[in-house]
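Numbering (UniProt numbering), first residue to last: 1 to 458.
We put the CB at the ideal spot given by N, CA and C, even for glycine.
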Amino acid sequence: MQHERSQTADPQAVVSALRAGFGTGLSRPVAWRIRQLKALRRMLIERRTDFERALQDDLGKNATEAWLTEVGFTVNEIDHTLRHLRGWLRPRRRRVPLALQPANARTVFEPRGVVLIIAPWNYPLQLLLTPLVGALASGNVVLAKPSELAPATSSAIARWLPEYLDRRAVQVVEGGVAETTAILEQRFDHVFYTGNAAVGQIVMEAAAKHLTPVTLELGGKSPVYVDDSADITVSARRIAWGKFMNAGQTCVAPDYVLASAAVQARLVPALDAAIREMFGDDPTTSPDFGRIINERNYDRLTALLPEHSAIGGQANREARYIAPTVLPDADPSSAAMSAEIFGPILPLVTVDGAEEAVRFINSRDKPLALYLFSNRRDVRKKFVRETSSGGIVIGAPTMHLSVSQLPFGGVGHSGMGSYHGVHSIEAFSHQKAVLTKPLNPDTLRLVYPPFTKFRDTV
Ligand code: NAD
């Protein structure tokens, strides 16, 4: 299906209109913010089938999965925000050192102003709207740029957001590299980007020209470590679920598994059974298994496939289908182990234990997520203490994203800054220091010049 892009907008005009809107103070009242969040929620419920159809068109995403990971996911984030927003926004009192008293110190969250949100194609709805929830809840106005690689979802967003939200405060501009480059020339007060690290660099450079702060939600190879103390059947089921959801095109999907040869010998048949349980003997016929976003990514992924795979390996370019694939005892220097896979291919790399696994992980870029399947307390402690990643989950891949109370973001090469729940308020606000010092009594008299009076005391 062809999706027409909304008329190409002049980014300069869009940004100045938004800036003018922000200048009137329209987005500051908490009541306005709550109205916007409720309208966004209404949009997701009333247009649910439109969005689910678009996600099906773009990614072959099953409607239930679309609800769990995109539409409903965003509704949950809105509900959590609506429940807590007034509390989060309350000024936070700070202690004043005795020598500076009497005085009253507090911090207040101040909206940053005009925010740019750039979203990727893999969760094209959720990754645009969840940051939007935080940006609006913080009292900002927003230019939203959906991914051109998910054209049906981009077009549904461009159609419905303006129908439900205050147009003076939220504008959608569709487009690809050329349009985004033109948008990035404008001055924003915050840029929130989700996508690959190479473009993250471009975004940060463009923002630097205006000294604009950025949040970068990037990717990378998220490892899994499984040892022999874990229940292998359940571990395999959960790894398969996290990996093959959205056909592996999830930023926090398990990218590869580290395990001993003995654990792999049990894990491979367990993964095979889990894949059959979830997608049947022939995943091409499963309504629950997605497709690769486009041919470029299909070609990139099939180039990673060896001649024979222990599980899967089948592919069909026309259908953009790649079977859930497992590659035991993969060579750490193979192509599959060099860049983020971002597809349904799971290499298993042999290590002889936790020590080697930690060393392996620490020798590479800091991942967005790290997953551990071990019942040993010392191993769990070791991973939490001795590795660095955006987040670490023991026992269930990708689940930390659904806990709005936890900050979600990367570290090092997997990104900077975090969001979700109150962390979105922190990301999209300036925390302003407010100090009130009474004029009387004039306790500052002690520090005024002339300083001769200190000669004997300092
Ligand atoms: P993408 O190709 O859709 O690009 C992301 C956005 O950047 C799009 O809106 C696109 O229009 C824009 N863009 C692309 N090239 C540009 C350029 N040269 N200049 C300016 N803008 C440009 O998505 P992608 O990058 O392929 O997304 C996949 C990557 O994103 C993976 O690495 C994945 O791990 C990561 N990711 C991270 C998260 C997270 O939350 N941390 C979530 C999803 C995806």
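request  = Flag L348 as yes when its Cβ comes closer than 7 Å to any non-hydrogen atom of the ligand NAD, and as no otherwise.
outcome  = no
query = Near M416, what residues of its chain come up, given a Cβ to Cβ distance below 6 Å and the 5 sequence neighbours on each side ignored?
reply = Contacts found: L216.
ask   = Going by the C-beta, is I202 closer than 7 Å to any heavy atom of the ligand NAD?
value = yes
query = In three-state DSSP terms, what is G248?
reply = helix
key: Proximal residues to R48 (C-beta, below 7 Å), its chain only, five neighbours per side dropped   = Setting aside the 5 residues that flank it on each side, R48 is surrounded in the same chain by V71, each with a C-beta closer than 7 Å to its C-beta; the list follows chain order.
ask   = Distance, Cα to Cα, A103 vs Y193?
value = If you draw a straight line from the Cα of A103 to the Cα of Y193, it comes to about 40 Å.
Presumed contact (8 Å Cβ cut-off) between residue 517 and Q431, rounded CB distance = An answer regarding residue 517 cannot be provided, because it is not within the stretch 1 to 458 covered by the chain.
request  = Can you give me the Cβ contacts of D352 inside the same chain, cut-off strictly under 7 Å, excluding the 5 residues immediately before and after it?
outcome  = S260
key: Supposed close pair Q270, I232 - CB separation, criterion 8 Å   = Looking at the sequence shown, residue 270 is not Gln but Ala. Right, the Cβ-Cβ distance comes to about 5 Å (below 8 Å), so this counts as a contact.
message = By the DSSP assignment, the beta strand (DSSP E) with K432 in it spans what residues?
response = S429 to T436
key: Beta-carbon gap between F22 and G113 smaller than 8 Å   = yes
inquiry  = Would you say the beta carbon of G195 is closer than 7 Å to some non-hydrogen atom of the ligand NAD?
reply    = yes
query = Count the other CB atoms within 10 Å of the CB of T153; is the residue buried (16 or more) or exposed (fewer)?
reply = buried
query = So, P287 versus I322, is the Cβ gap smaller than 8 Å?
reply = Contact flag unset, no.
message = For L218 and G412, I'd like the C-alpha separation in whole angstroms.
response = 10 Å
message = Cutting at 8 Å between CB atoms, please list the residues of its own chain near P332, excluding the five before and the five after it.
response = V349 and F360.
key: Burial state of T130 (16 or more Cβ within 10 Å)   = With 16 or more Cβ atoms within 10 Å of its Cβ, T130 is classed as buried.
query = In three-state DSSP terms, what is H420?
reply = coil
query = Where T74 and L89 are concerned, what is the direct C-alpha to C-alpha distance, given to the nearest angstrom?
reply = 21 Å
ask   = the ligand NAD heavy atoms versus the CB of N122: any closer than 7 Å?
value = yes
inquiry  = Mapping the DSSP letters down to three states, classify G21 as helix, strand or coil.
reply    = DSSP, reduced to helix, strand and coil, places G21 within a helical segment of the structure shown.
key: heavy atom of the ligand NAD below 7 Å from G415 C-beta   = yes
ask   = In or out: E307 buried (at least 16 other Cβ within 10 Å) or exposed?
value = exposed
key: Limits of the beta strand (DSSP E) - the one that N294 falls within   = Per DSSP, N294 belongs to no beta strand (DSSP E) and is neither H nor E.
ask   = Any heavy atom of the ligand NAD within a distance shorter than 7 Å of the CB on I345?
value = No, since every heavy atom of the ligand NAD falls outside the 7 Å radius drawn around the Cβ of I345.
task = Report the residue ranges of all alpha helix (DSSP H) runs contained in full by the region 46-75; include only those spanning at least 4 residues, in chain order.
result = Correct list: 48-59 and 63-66.
Residue range of the unbroken beta strand (DSSP E) whose run includes A369 = A369 to F373
message = Could you check whether the Cβ of T398 sits closer than 7 Å to any heavy atom belonging to the ligand NAD?
response = no
ask   = Of all the options E52, H80 and D57, which has the alpha carbon lying nearest to the alpha carbon of T69?
value = Nearest C-alpha to T69: E52.
ask   = Taking 7 Å as the cut-off, is the CB of I118 close to at least one heavy atom of the ligand NAD?
value = I118 Cβ: within cutoff of the ligand NAD.
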